[in-house]
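>
Number of protein chains: 2
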Amino acid sequence: MLISELAKQAGLNIQSIRFYERQGLLRKPPRTSSGYRAYNQFDLERITFIKWCQPLGFTLKEVKELIQLHAAVANLSSAHAAPKPKELQRIICMAHQKSADLQNKIKLLKSADHQLTVAIKKLQTQACPASNPSRRA
Amino acid sequence: MLISELAKQAGLNIQSIRFYERQGLLRKPPRTSSGYRAYNQFDLERITFIKWCQPLGFTLKEVKELIQLHAAVANLSSAHAAPKPKELQRIICMAHQKSADLQNKIKLLKSADHQLTVAIKKLQTQACPASNPSRRA
DNA sequence: CTTGACCCTATACAAAGGTACAGGGTTCAC
DNA sequence: GTGAACCCTGTACCTTTGTATAGGGTCAAG
Chain Y
1 MLISELAKQA GLNIQSIRFY ERQGLLRKPP RTSSGYRAYN QFDLERITFI KWCQPLGFTL
61 KEVKELIQLH AAVANLSSAH AAPKPKELQR IICMAHQKSA DLQNKIKLLK SADHQLTVAI
121 KKLQTQACPA SNPSRRA
Chain Z
138 MLISELAKQA GLNIQSIRFY ERQGLLRKPP RTSSGYRAYN QFDLERITFI KWCQPLGFTL
198 KEVKELIQLH AAVANLSSAH AAPKPKELQR IICMAHQKSA DLQNKIKLLK SADHQLTVAI
258 KKLQTQACPA SNPSRRA
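These protein sequence lines are chains Y and Z, in that order.
Quick note: the first sequence uses this note's numbering, first residue 1, plus one each step.
Quick note: the second sequence uses this note's numbering, first residue 138, plus one each step.
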C-alpha cells in the first residue's frame, strides 16, 4: 500500500503521515525499489489508534508512550521478547498515571456536563415561558 | 487591582492576561489616569472560569462561547436585559451541542480507562509472576 | 532627582500539530 | 517518448496558546 492509499483509508493527508513518521509514531516503512514507502494493515491500525487517542486529549507524545505500553502488553501475549523488569515497572507506573488522569478528567467532565444541563434547563424556561412543562409532564 | 496583582491571584502571567484580552476572553478593563489596567473581582472569576474549562478540553474559542452562554443565564437571574428569542435559541442549541460533546467524550474516556486497567492487570501479572494474588486474595 | 519596581505597546519567538510548496524522480497509458 | 498522476526530500508556513524582549512611560522612597 503506497502512501496515498494509506492516507485515503486512514482519512488523513499524506503530509501528516510523513509527519507522524518523523515524530516516531509510525515506523519507517520499507521502500519499493524506487524509494516509495510501502505500508501494510498494521500501519493503518496504528493510525486508527492515534486518531482514537487524540479526542481523548492525549498529546502525540503521550500516544507514543501508549503505543509502547501496548507493545509491551502484546509481547506478554506472544510470550517472547518480554521487557526487562525495570522497563516493565516504568510502563506500569505510566499506565497508572494515565488511568488516574483519565478518571480525574472524567470526573471534571461529568461536573461540567451537569452544570451545562442545569444551564440549559434555565434557558429553556426562559425561551418558552408560556408552555410550562412542569404542569402536565 | 493592577495587572500584576491579578496575575498573582489568578496564577498566570501578565502576558497571558493581555493575550486573553486581545482574544476577547477578558473585557478591556478601565484604565487609571496613567493608563494602567484596573481590574476587579469579576475579572479574577473570569480567569478562574477559563482555567477550569481548559483541562476539560475546551479551546479558548469555545470558552468564549461558554462565557456568552453563562452571561445569558446570568441575565435570566437578574431579570433584566434578557436576550432576544433568536439569540437565546442559538445559545440553547450551542449548549445542547456542548453537552452532547461532553457526554461522548466521557464515554470514550471511560472506555479508554477500562482498556488501560485491563492492560495494567496483564502487566502486573507479568511483573510479579511468583506472587500470584489470585491464590489467596 | 534618581533608582527600582511597576506599567505600556509592539514585536518576536516557542512548542504542538499539522499543511503547503518548490524542485525533482517514477510509472503507466497512450 | 510525453503527459498525468504518482512518489521523494527539504523547507516554509499556519493556528493555537502562550512567553519573552525591546524601548519607553509612571510612581514612590530615599
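For every residue, glycine included, the Cβ atom is placed at its ideal position computed from N, Cα and C.
Counting only beta-carbon atoms, is Z/Leu143 nearer than 7 Å to chain Y?
If you number the second sequence from 1, residue 143 of chain Z lands on position 6. It does not; no Cβ of chain Y falls within 7 Å.
> Residues of chain Y with a CB under 7 Å from the CB of Z/Lys188: which are they?
As a first step, residue 188 of chain Z must be located in the second sequence, where it is residue number 51. By Cβ distance, chain Y contributes nothing, its closest Cβ being about 12 Å from Z/Lys188, past 7 Å.
> Give every residue of the same chain whose Cβ lies closer than 7 Å to the Cβ of Y/Asp43, excluding the five residues on either side of it in the sequence, and list them in chain order.
Along the first sequence, read from residue 1 onward, the residue named residue 43 of chain Y stands at position 43. Contacts found: Leu6, Leu26, Pro29.
> So, does the CB of Z/Lys244 fall closer than 7 Å to a CB anywhere in chain Y?
Locating residue 244 of chain Z in the second sequence gives position 107, where the first residue counts as 1. No, no contact with chain Y.
> List, in chain order, every chain Y residue whose beta-carbon is nearer than 7 Å to that of Z/Gly194.
As a first step, residue 194 of chain Z is located in the second sequence; it is residue number 57 there, counting from the start. Those are Gly57, listed as they occur along chain Y.
> Across which residues does DSSP place Z/Arg168 in a beta bridge pair?
The residue given as residue 168 of chain Z occupies position 31 in the second sequence. Answer is Z/Arg174, bridged to Z/Arg168.
> Strictly below 9 Å CB to CB, what residues from chain Z border Y/Thr48?
What you label residue 48 of chain Y is simply residue 48 of the first sequence in a count that begins at 1. Going along chain Z, no residue has its Cβ under 9 Å from Y/Thr48, so there is no contact; the nearest lies around 14 Å.
> Let me check understanding here. Comparing Cα to Cα, which of Z/Leu260, Z/Tyr176, Z/Lys188, Z/Met138 lies closest to Z/Leu149?
One-based indexing of the second sequence puts residue 149 of chain Z at position 12. Among Z/Leu260, Z/Tyr176, Z/Lys188, Z/Met138, the Cα nearest to that of Z/Leu149 belongs to Z/Lys188.
> Is it a yes or a no for the stretch 234-254 of chain Z touching the stretch 106-120 of chain Y, going by three-plus beta-carbon pairs under 8 Å?
The stretch 234-254 of chain Z is in contact with the stretch 106-120 of chain Y.
> Using C-beta distances below 8 Å, list every residue in its chain close to Z/Arg168, excluding the 5 sequence neighbours before and after it, in chain order.
Residue 168 of chain Z sits at position 31 when you count from the first residue of the second sequence. Closer than 8 Å at the Cβ level, and outside the excluded window around Z/Arg168, lie Arg174, Ala175.
> If Z/Gly194 and Y/Gly57 are in contact, beta carbons under 8 Å, what's the gap, nearest whole angstrom?
Working through the second sequence from its first residue, we reach residue 194 of chain Z at position 57. Working through the first sequence from its first residue, we reach residue 57 of chain Y at position 57. Confirmed, about 5 Å.
> Which chain Y residues sit within Cβ distance under 7 Å of Z/Val210?
Walking along the second sequence from the start, residue 210 of chain Z turns up at place 73. Here the neighbours are Ala119, Lys122, Leu123.
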